[in-house]
Amino acid sequence: MSERASVRVEERPDRVVVTLDRPDKRNAVDADMVAELHEVCAAVEREPRLLLLTGGADGIFAAGADIAQLRERNRTDALAAINSALFARIRALPLPTVAAVDGPALGGGAELSYACDLRVCTARAFFGQPEVRLGIIAGAGATHRLPALVGEARAKELLFTGRRVDAAEALRIGLVNRVVDEPTELLGAAHELLDEMARASSLALRLTKLAVDAPAAAHPQLDLVSQAVLFEDEEKRRRMTEFLERRRDR
Ligand code: COA
Numbered sequence: 273m274s275e276r277a278s279v280r281v282e283e284r285p286d287r288v289v290v291t292l293d294r295p296d297k298r299n300a301v302d303a304d305m306v307a308e309l310h311e312v313c314a315a316v317e318r319e320p321r322l323l324l325l326t327g328g329a330d331g332i333f334a335a336g337a338d339i340a341q342l343r344e345r346n347r348t349d350a351l352a353a354i355n356s357a358l359f360a361r362i363r364a365l366p367l368p369t370v371a372a373v374d375g376p377a378l379g380g381g382a383e384l385s386y387a388c389d390l391r392v393c394t395a396r397a398f399f400g401q402p403e404v405r406l407g408i409i410a411g412a413g414a415t416h417r418l419p420a421l422v423g424e425a426r427a428k429e430l431l432f433t434g435r436r437v438d439a440a441e442a443l444r445i446g447l448v449n450r451v452v453d454e455p456t457e458l459l460g461a462a463h464e465l466l467d468e469m470a471r472a473s474s475l476a477l478r479l480t481k482l483a484v485d486a487p488a489a490a491h492p493q494l495d496l497v498s499q500a501v502l503f504e505d506e507e508k509r510r511r512m513t514e515f516l517e518r519r520r521d522r
């Protein structure tokens, strides 16, 4: 486990677990946290592993971008894409990522969870995009990732009103994949999901993620090339042989 100023990072052989750790400011995403999460991304890019991103189970995921820093930022800062570049980098990580959300995921905090591939949350979690009430847009991914997750009309409603979405609604509209009743179950449920993925071929997972996230115009060629790579992969032969031999031995 390595401790940085705003995040704790646990490296396991098949996954990296990142816990946002700025409780005094409700895990608001400030410049230090952005820099530390970039370091995590660099490590996962160098050595691809699954990623679990959480605020822990103490009732907070992240309260958004740090409003004290946000208030002082100017148009040049906005164009520097401080949070959006990080969230795009997280989104593009080679292997699947899961956000485990307890309590509020608001503004940039919600967008951080949308940057992950999947979301698990507790019954007391809630999501919201209050940016317009603060006089800004949700500029770190919600304008395109939220419609992709919940559809255009629902996304617009949430972005225009800043209304909070509770866990039950989040599950119903496809914003989260699983809801657990108790905070104590949160990390276990997220790890279970990652365990299921960890059983797959890492290269197949990686190319599946690439294909799903690719623009429409990349299909079917990207899928064909991905499959061509996998058809030549020794692991595919081993996995298929194991399957066939297991059946023969029955
Ligand atoms: N940026 C900077 N500081 C933040 C913050 C943010 N987004 N969210 C919370 N904080 C700080 C508060 O200023 C307070 O600091 P202080 O103790 O120095 O006064 C501390 O975190 C605790 O916040 P508080 O509101 O008392 O906690 P709470 O548990 O009652 O409520 C939230 C938690 C997340 C519901 C509430 O803090 C909130 O609504 N935050 C803002 C969410 C938001 O609008 N985000 C969009 C940003 S784009």
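273 is the number of the first residue of the sequence shown in our numbering; add one for each residue after it.
Backbone N, C-alpha and C define an ideal beta-carbon position, used for all residues, glycine too.
Endpoints, the alpha helix (DSSP H) within which residue i is located
i      : result
Gly400 : Per DSSP, Gly400 belongs to no alpha helix (DSSP H); it is in the beta strand (DSSP E), Phe398 to Gly400.
Leu465 : Leu458 to Ala470
Arg435 : No alpha helix (DSSP H) contains Arg435, which DSSP labels as neither H nor E.
Gly516 : It is worth fixing the name first, because residue 516 is Leu in this sequence and not Gly. Per DSSP, Leu516 belongs to the alpha helix (DSSP H) from Glu506 to Asp521.
Val312 : Ala303 to Arg318
Ala353 : It is not in any alpha helix (DSSP H) - Ala353 carries neither H nor E in the DSSP assignment.
Val497 : Gln493 to Phe503
Contact test: residue i Cβ vs the ligand COA heavy atom, cutoff 7 Å
i      : result
Glu403 : yes
Arg298 : yes
Gly380 : yes
Asp521 : no
Asp338 : yes
Pro335 : Rather than Pro, the amino acid found at residue 335 in this sequence is Ala. It does: the Cβ of Ala335 is within 7 Å (strictly closer) of some heavy atom of the ligand COA.
Leu406 : yes
Leu351 : no
Pro492 : no
Pro455 : no
Leu384 : no
Leu342 : yes
Pro487 : no
Pro376 : yes
Residue i, buried or exposed, once every other Cβ within 10 Å from all chains shown has been counted against 16
i      : result
Ala489 : exposed
Met512 : exposed
Gln401 : buried
Ala440 : exposed
Val404 : exposed
Ser274 : exposed
Asp338 : buried
Ala357 : exposed
Boundaries of the beta strand (DSSP E) in which residue i is found, first to last residue
i      : result
Arg280 : Val279 to Glu283
Val484 : Taken as a continuous stretch (DSSP letters only), Val484 belongs to no beta strand (DSSP E), being part of the alpha helix (DSSP H) at Ser474 to Asp485.
Arg245 : For the chain, the structure presents residues 273 to 522; residue 245 sits outside this window and is missing.
Leu323 : Leu322 to Thr326
Pro419 : Premise fails: Pro419 lies in the alpha helix (DSSP H), Ala414 to Val422, not in any beta strand (DSSP E).
Leu378 : Pro376 to Leu378
Arg239 : Because the chain in this structure spans residues 273 to 522, residue 239 falls outside the shown range and cannot be described.
Leu390 : Leu390 to Thr394
**Request:** Evaluate contact between the stretch 456-474 and the stretch 403-417, counting only Cβ atoms and requiring at least three cross-stretch pairs below 8 Å.
**Result:** The answer is no - the stretch 403-417 does not touch the stretch 456-474, with fewer than three Cβ pairs under 8 Å.
**Asked** How about the stretch 450-466 and the stretch 305-317: do they share at least three Cβ pairs that are nearer than 8 Å?
**Response** No, they do not touch.
**Prompt:** For the stretch 387-398 against the stretch 338-354, are there 3 or more C-beta pairs whose distance is under 8 Å?
**Reply:** In short, these stretches do not touch, since the Cβ pair count stays below three.
**Message:** If contact is defined by three or more beta carbon pairs under 8 Å, each pair taking one atom from either stretch, is the stretch 475-485 in contact with the stretch 366-378?
**Reply:** Counting Cβ pairs under 8 Å, three or more are found: they touch.
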